[in-house]
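Here the structure comes first, spelled out in structure tokens, and everything after it is commentary.
In this note's numbering, the protein residues as written are 61 to 193.
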């Protein structure tokens, strides 16, 4: 079975980790059914500041806005296997920890948990938490 992965990129510093992850997922395209990306506006600004490019625009994935609740993974029936939040800002982590789902990232995390799927939260340089329910 090929994997369906949601990658969320928040405005935390550490855009290099998001770039490396997305490049590796792009290289592994034959093993993946779908990769969907949610990138906050702050994430785009931090990426452009830290990496001095906009290379994320060239990636072969479908991008969704932070408020696009019509994204397939905004529902538990979306059938995505894994969610990775890299880098994960402390604000996003706090909203997830307290059950707040006010945007597509936190809503997708909640749907992921409801379907007993894995979510990996990556802070700058380390794994903050890996949830499996």
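A virtual CB, placed ideally from N, CA and C, is assigned to each residue, including glycine. Just so it is clear, the structure is predicted and the values come from calculations on it, not from any experiment.
DSSP, read as helix, strand or coil, puts residue 123 in strand. Excluding sequence positions up to five before and after residue 114, its CB lies within less than 7 angstroms of the CB of 108, all in the same chain and listed in chain order.
Annotation: residue 174 to residue 127 spans about 20 angstroms, alpha carbon to alpha carbon. Three or more beta-carbon pairs drawn from the segment 70-85 and the segment 97-107 are found closer than 8 angstroms, and the two stretches are therefore classed as touching. Here residue 164 is not near residue 116, since their CB atoms are 8 angstroms or more apart.
Comparing C-alpha distances from residue 157 to each of 179, 139, 122 and 112 shows the shortest one belongs to 179. Our two residues, residue 103 and residue 75, have alpha carbons roughly 8 angstroms apart in a direct line. In terms of Cα proximity to residue 133, the closest of 84, 83 and 169 is 169. By the beta-carbon neighbour count (other beta carbons within 10 angstroms, threshold 16), residue 137 is exposed. If you look at residue 154, you'll find it in the alpha helix (DSSP H) that goes 150-157. Nearest in C-alpha terms to residue 119, of all of 111, 149, 82 and 142, is 82. Judged by their CB atoms, residue 64 and residue 139 are nearer to each other than the 8 angstroms cut-off.
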